[in-house]
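Beneath this line is the structure, given in structure tokens, with notes to follow.
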Amino acid sequence: MVFTVKCLYEFIATMIMILLGDGVCAGNTLKYAKGQNGGWVVITLAWGLAVMTGVLIAGPVSGAHLNPAVTLGLAIAGSFAWNEVFGYILAQMAGGFLGGLLVYIYYRDHFKAHEGDVLGVFCTMPAIDHKSQNFLCELIATFVLVFVILAMGAQESVFPITGLIMAIGMSLGGTTGYALNPARDLGPRLVHQLCVRKDSGWAYSWVPVAGPLAGAAVAAGLWILL
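Under our numbering, the letters of the sequence shown match residues 387 to 612, in that order.
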């Protein structure tokens, strides 16, 4: 029962995080949206605050992983039970999908009015398509995320996490859009496929899944060695 409640909080918190995070991408991208062309700083600030919101919701109950890469990294490092990993990841992926769907519903009239590409509202695509390099970028960025979370340990709180997400976005997000999180990318990408029905970049879709998972594993491995 306790584990089920934790998964429910992971689901809800991830859903709201994606609603707010992809929501700022929609507000910056879509025609007639009042925040159109707000810029990269607005996106990175809002994503940091979106993660903060998720942590505020789920932190006291589930630890607010909100990210399969974080869950994997904590499990490898011995800070999270392996028998809870699958349930957390399933909840996070479902929350990511529903969050992306809510963004589509919320901005539906703007999606209809917009004439250009809207894939970037839902998921990440690289500035330069070089998949091995893109994978490395996602690995390094997620390594920073998970290693700092492990370093925080008992000192972890919502405000350092918010600043960390903002710093990664501003410093390391320019190449791939800093997915950092398979639940942030794969579920909303599927929403794009189902609702927008245009090319959803599936040839690239493995990068923002495998890169963050690999980065989390490397961060956890180094943490164990230290």
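Where is the CB? At the ideal position from N, CA and C, for every residue including glycine.
- Judged by their CB atoms, Lys498 and Val593 are not nearer to each other than the 8 Å cut-off.
- Spanning the alpha carbons of Met552 and Thr390 requires a straight line of approximately 31 Å.
- In the three-state scheme derived from DSSP, where H, G and I count as helix and E and B as strand, Leu452 is classed as coil.
- If only uninterrupted alpha helix (DSSP H) runs of at least 4 residues are considered, those enclosed by the segment 478-562 are 494-499, 505-508, 517-538, 544-558.
- Per DSSP, Lys417 is not a residue of any alpha helix (DSSP H), being assigned neither H nor E.
- Judged by DSSP in its simplified three-state form, Trp588 adopts coil rather than helix or strand.
- Taking 8 Å as the cut-off, the beta carbon of Leu525 is found no closer than this to the beta carbon of Gly449.
- The beta carbon of Gly587 is closer than 8 Å to those of Leu505, Cys509, Met511, Arg575 in its chain, skipping five residues each way along the sequence.
- Here DSSP, grouped into helix, strand and coil, assigns Leu394 to helix.
- The Cβ neighbour count for Met403, taken over all protein chains shown within 10 Å, is at least 16; the residue is labelled buried.
- In the displayed model, Ala467 falls within coil according to three-state DSSP, outside both helix and strand.
- For Leu576, the uninterrupted alpha helix (DSSP H) run begins and ends at 568-577, by DSSP.
- Annotated as proximal: Gly421 and Gly413, with beta-carbon spacing under 8 Å.
- Under the three-state reduction of DSSP, Ala565 is assigned to coil, being neither helix nor strand.
- Here Ala537 is exposed: its Cβ has fewer than 16 other Cβ atoms, across all protein chains shown, within 10 Å.
- In the displayed model, Leu431 falls within a helix according to three-state DSSP.
- If you ignore the 5 residues before and after Asn520, its C-beta comes within less than 6 Å of the C-beta of Pro512, Thr562, Val593, all in its own chain and listed in chain order.
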